[in-house]
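Before any comments, here is the structure.
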Amino acid sequence: MARAGQELIERRTALKLAAALWLSTQNRRVSALPPQRIVVIGGGIIGCAISYYLAKAGAQVALLERDTLASKASRGTFAWINATWAKQPRHYHRLNQMGLDGWHQLEQALNIPIRWGGSLEWFSSRERQVTLAADIEEQASWGEDAEMLSGTEVSALEPNLTVSADLAVAYSGGDGALDPVVACQRLAAGAQQHQAQILEHCEVHSASPNDEGSITLSTSLGDWVADRYVLATGADSMTAQTLAGVTIPQRSTPGVIVITKPLPRLIHRVIAAPGIHLHQRDDGKIVIGEQSGAPDNVAHSLRLRQRPTRFPTETTALAHAERMLAITRQYLPAAVEAEVDEVLIGWRPLPIDGHPVLGTPSASPASYLAIMHSGITLAPIVGQLVAQELLTKTPSPHLTHYRPDREFSSVARY
Ligand SMILES: Cc1cc2nc3c(=O)[nH]c(=O)nc-3n(C[C@H](O)[C@H](O)[C@H](O)COP(=O)(O)OP(=O)(O)OC[C@H]3O[C@@H](n4cnc5c(N)ncnc54)[C@H](O)[C@@H]3O)c2cc1C
Numbered sequence: 022m023a024r025a026g027q028e029l030i031e032r033r034t035a036l037k038l039a040a041a042l043w044l045s046t047q048n049r050r051v052s053a054l055p056p057q058r059i060v061v062i063g064g065g066i067i068g069c070a071i072s073y074y075l076a077k078a079g080a081q082v083a084l085l086e087r088d089t090l091a092s093k094a095s096r097g098t099f100a101w102i103n104a105t106w107a108k109q110p111r112h113y114h115r116l117n118q119m120g121l122d123g124w125h126q127l128e129q130a131l132n133i134p135i136r137w138g139g140s141l142e143w144f145s146s147r148e149r150q151v152t153l154a155a156d157i158e159e160q161a162s163w164g165e166d167a168e169m170l171s172g173t174e175v176s177a178l179e180p181n182l183t184v185s186a187d188l189a190v191a192y193s194g195g196d197g198a199l200d201p202v203v204a205c206q207r208l209a210a211g212a213q214q215h216q217a218q219i220l221e222h223c224e225v226h227s228a229s230p231n232d233e234g235s236i237t238l239s240t241s242l243g244d245w246v247a248d249r250y251v252l253a254t255g256a257d258s259m260t261a262q263t264l265a266g267v268t269i270p271q272r273s274t275p276g277v278i279v280i281t282k283p284l285p286r287l288i289h290r291v292i293a294a295p296g297i298h299l300h301q302r303d304d305g306k307i308v309i310g311e312q313s314g315a316p317d318n319v320a321h322s323l324r325l326r327q328r329p330t331r332f333p334t335e336t337t338a339l340a341h342a343e344r345m346l347a348i349t350r351q352y353l354p355a356a357v358e359a360e361v362d363e364v365l366i367g368w369r370p371l372p373i374d375g376h377p378v379l380g381t382p383s384a385s386p387a388s389y390l391a392i393m394h395s396g397i398t399l400a401p402i403v404g405q406l407v408a409q410e411l412l413t414k415t416p417s418p419h420l421t422h423y424r425p426d427r428e429f430s431s432v433a434r435y
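Converting from the sequence shown to our numbering requires adding 21 to each position, the first position being numbered 1.
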């Protein structure tokens, strides 16, 4: 058993080294190329990460954001950095794992606070608990730091958590969580240090080829000329249609996020309990995400048509926050003191097959699409790989499965 475990760790280390070697070879190729003018549309985590890596590699970058940085999904997100059992199949799991590795680098390079320490996850249904154990066994066989713990072991790790002694909990040791707004701001500032221009309140209306053989982007702040442009526009599928002539089938769903005022440290890890997800940020604020979606009725679907990011009234927002705090206190009674700081509605950019859309659609050769769920986890590796693909014009083997012209299956694992 020990020998098998050692072999797994060696295989994972070999995979990591191969990926790092590929990335550094591509980086050397990039530094030898003339600068390109690239406009990145969208200032969420994906647009900020791509801008950072492009500017760092020497491209002339302009990041244009309709609203303010981190104002859409990258604000109303739970922000769990994870490569757990849910990330399937193996190639997608590997990409997420590379995302985790990338955050370790960015944490140092850009001073982005991240709370590492892993995640603890369990379900209420007995059937789901059985498959969870099998999922964790698979993760361990892939060389991940993953194991099932008893409730007693969980209580030793998280003394404030109420769990029964015989509970079986999945522990994924590599996971972490961050403040997504701070991460976007640090990435954008890092891009600016490499001469990128960042423009907020700048909406891109159209993209058309011009007489010079480049692209003119018409925006609310005037025209921009670019060699290439990146659509990091998140859940708004009409934007891809308008600016690149492609339809990306999405099933974007809303999620409520409650952020408390700072509390003394109560939890150390990401907690994914039945009905609720929790983590406590470096600033002491507890972030609460719910697992269920919006109720399926006419009144809700009418209200949600405009994709609001806030509730219509303070009273409704607080009612939702209290509902989620009540579930939180079942697991974390010490959160009785928690006061609500913010209540957000986030819209997941979710391509219908659950996987990212990354690459140039045949309908629009100057564009590059970067639209995905799990964008918090994936941002560092997506930023690096997209920058390399754009600058070297060499397709990355890590992105083969995610091209925009693929057949989209509606059978997604989550
Ligand atoms: C409730 C919820 C929980 C989540 N939990 C997690 C999690 O735990 N872990 C994880 O990894 N991921 C999670 N996600 C997913 C993750 O948050 C997203 O994948 C990620 O934030 C997407 O980033 P983005 O930059 O692509 O999109 P966004 O942050 O939405 O940014 C897109 C930007 O493009 C701008 N834009 C659009 N059109 C234009 C235009 N024409 N001109 C200029 N600007 C334009 C928008 O204003 C917006 O700011 C969650 C998401 C939600 C909603």
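Cβ atoms here follow ideal geometry from the backbone N, Cα and C, with glycine treated the same way.
Can you find a heavy atom of ligand 3 that lies under 7 Å from the Cβ of residue i?
i	result
A191	This structure lacks ligand 3; the ligands present are ligand 1.
I'd like the list of long-range same chain contacts for residue i, defined as Cβ closer than 7 Å, with 5 residues on each side in sequence excluded.
i	result
A355	N181, L287
D426	P382, S383
P416	E410
T281	K306, I307, A359, E360, V361, D362
S235	V246, A247, D248
Q70	According to the sequence as given, residue 70 is Ala; it is not Gln. So the qualifying residues of the chain are L208, A400, P401, V403, G404.
A80	P56, Q57, I59, L412
Based on the DSSP secondary-structure assignment, which residues constitute the bridge partners of residue i?
i	result
A189	S171
A198	W101, R136
W245	L238
Q271	P372
T281	V361
A228	L238
E142	A191, A293
In three-state terms, what does DSSP make of residue i?
i	result
D304	coil
S383	coil
H419	helix
E158	helix
A293	strand
V61	strand
K258	It is worth fixing the name first, because residue 258 is Ser in this sequence and not Lys. Three-state DSSP puts S258 in a helix.
S388	strand
L432	Looking at the sequence provided, one finds Val at residue 432 rather than Leu. Residue state, collapsed to three classes: coil.
L153	helix
T263	helix
H112	helix
A253	coil
A177	helix
Q216	coil
A400	helix
M22	Residue placement at M22 cannot be trusted, given a pLDDT of 42 that sits under 50; what the coordinates show is reported in the next sentence. Residue state, collapsed to three classes: coil.
G276	strand
V184	coil
R147	helix
A233	Note that residue 233 corresponds to Glu in the displayed sequence, not to Ala. In this structure, E233 counts as coil in the three-state DSSP scheme.
C69	helix
So the candidates are the options; which of them puts its Cα closest to the Cα of residue i?
i	options	result
I366	S273, Y113, T152	S273
A100	L299, I269, E148, Y352	L299
Y113	T398, V308, S95	T398
I373	G172, E363, H394, Y389	H394
S241	L220, W368, P230, S322	L220
M345	P333, E360, T334	E360
G164	T105, W124, D187	T105
Y74	D122, V403, T421	V403
L84	P316, Q150, T254	T254
G195	L379, L170, N117, P134	N117
L379	H419, R207, R58	H419
G211	G396, E428, K77	K77
R258	I392, M119, A107, G65	Checking the sequence shown, residue 258 turns out to be Ser, not Arg. Nearest of I392, M119, A107, G65 to S258, Cα basis: I392.
H222	S388, R87, P386, S72	R87
L371	A342, A338, E311, I269	I269
Q126	A342, S229, L208, L323	L208
A198	L412, G310, A186	G310
D317	V190, Q109, S431, P275	P275
I278	H341, Q271, S171, Y192	H341
Identify, in the order they occur along the chain, each residue of the same chain with its Cβ nearer than 6 Å to the Cβ of residue i, setting aside the five sequence neighbours on each side.
i	result
S145	P295
D200	R302
P134	D303
S227	S239
G138	H289, R290
R115	none
R424	G380
Once you ignore the five residues that flank residue i on each side, which residues in its own chain have a CB closer than 8 Å to its CB?
i	result
H422	H112, Y113, H376
E179	L141, I288, H289, R290, I292
T173	A186
Which residue spans inside the segment 296 to 382 form an unbroken alpha helix (DSSP H) run of at least 4? 319 to 325, 335 to 352
Taking only runs that begin and end inside the segment 72 to 101, name each unbroken alpha helix (DSSP H) of 4 or more residues, in chain order. none
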